[in-house]
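Data block below; observations after.
Residue numbers (our numbering): -13 to 331.
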């Protein structure tokens, strides 16, 4: 067989495998999370006009598009090799089609100057559409941020909730003294099992329920703080963002400026002081700034304070100290011990 024909055959096989894998992944996710057999949807293979495609709007799934450089590289690949995997869509209003999978492929096709794109049109309900739109991305896109994952998890949990099951909403996890949820399955009156959706989602995607709970909670951050967390994490780390998410949107506005001042990154000690002085979910802007300044001033005083000298009874340590040649060596060993001890505690 000529090499060109062999390459074409291999490419067709790869395309079919990738397409099947994308659909199979979403089928498996639906089956496990919704605890029911996947209904076989009607499928239509066709070429769809790019101007008839609309972004996924059934739920907020939070996935950001590829950066421009990556889209341009994908567009160049499309021009050279064509599209390996069809996008997946479903019919929308006004003769349009909602993209369920393949937003970046659509954007790259537009950059490449295409007018149409190979598509697979499926007839699915909202729950099935959300699973298709989230499952492959959650598995294949390793660089997703915690907030992107949080929105995808939340969309799946909300869909499961509307489907007749329940899960613990992020708002129910706020605070340390909330009553813990019974993670075991509950039995309904008619004997059918009801399942904790978060547990099912965690099991399918190979993460913990704690990871899902934290990711979903961070979706409560206002956009400005989400951007700071993802783009300048030195100014706002995950531990602080988790505490800020306990506040309502209006109260969170005060943290934008706090997290944007160079040289004064938000840390957990400062956040804990603010939370103590101004408990969530609602706090006054001026009171929060006052608590923030108190915590900063206290930290600066600690930094400016002269170092304390520590003394030990040398007689007690004599059998050990004689093994070291200098006080500097003893000091170095003691510091290493304290650092290791701090990690454990």
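We treat Cβ as the ideally placed atom computed from N, Cα and C, and that holds for glycine. Everything numeric in this text was worked out from a predicted model, so none of it was measured.
Output needed for residue i: all residues of its chain with C-beta closer than 6 Å, excluding positions within five of it in sequence on either side, in chain order.
i	result
residue 117	12, 15, 16
residue 30	107
residue 263	277
residue 222	214, 215, 245, 252
What distance in whole Å lies between the Cβ atoms of residue j and residue i, which are believed to be in contact at a cut-off of 8 Å?
i	j	result
residue 33	residue 97	That belief does not hold up - the Cβ atoms of residue 33 and residue 97 are roughly 18 Å apart, past 8 Å.
residue 332	residue 48	The question about residue 332 has no answer here: the residues shown for the chain are numbered -13 through 331.
residue 207	residue 230	7 Å
residue 35	residue 120	That belief does not hold up - the Cβ atoms of residue 35 and residue 120 are roughly 26 Å apart, past 8 Å.
residue 220	residue 251	6 Å
residue 91	residue 124	The pair is not a contact, with the Cβ atoms about 17 Å apart (cut-off 8 Å).
residue 74	residue 86	5 Å
residue 20	residue 141	No, residue 20 and residue 141 are not in contact; Cβ-Cβ is about 13 Å, not under 8 Å.
residue 79	residue 133	Their Cβ separation, rounded to whole angstroms, is 30 Å, which puts residue 79 and residue 133 out of contact at 8 Å.
residue 131	residue 89	16 Å between Cβ atoms; not a contact.
Is it buried or exposed, residue i, if we count other Cβ atoms within 10 angstroms and call 16 or more buried?
i	result
residue 332	Since the first residue shown for the chain is -13 and the last is 331, residue 332 is missing from the structure and cannot be characterised.
residue 224	exposed
residue 218	exposed
residue 43	exposed
residue 235	exposed
residue 255	exposed
residue 53	exposed
residue 271	exposed
residue 45	buried
Per DSSP, what kind of secondary structure is residue i in: helix, strand or coil?
i	result
residue 247	coil
residue 83	strand
residue 35	strand
residue 177	Since pLDDT at residue 177 reaches only 36, below the 50 mark, its modelled position is unreliable, and the value read off the structure follows with that caveat. Note: residue 177 maps to coil in three-state DSSP.
residue 182	strand
residue 30	strand
Where do the N-terminal and C-terminal ends of the beta strand (DSSP E) with residue i fall, by residue?
i	result
residue 73	73 to 77
Whose C-beta lies closer than 7 Å to the C-beta of residue i among residues of the same chain, with five residues either side of it excluded?
i	result
residue 198	139, 184, 187, 188
residue 210	242
How far does the alpha helix (DSSP H) with residue i in it extend, from its first residue to its last?
i	result
residue 53	Premise fails: residue 53 is in no alpha helix (DSSP H) and is neither H nor E.
residue 105	From DSSP, residue 105 is part of no alpha helix (DSSP H) but of the beta strand (DSSP E) over 102 to 108.
residue 126	112 to 126
residue 196	195 to 204
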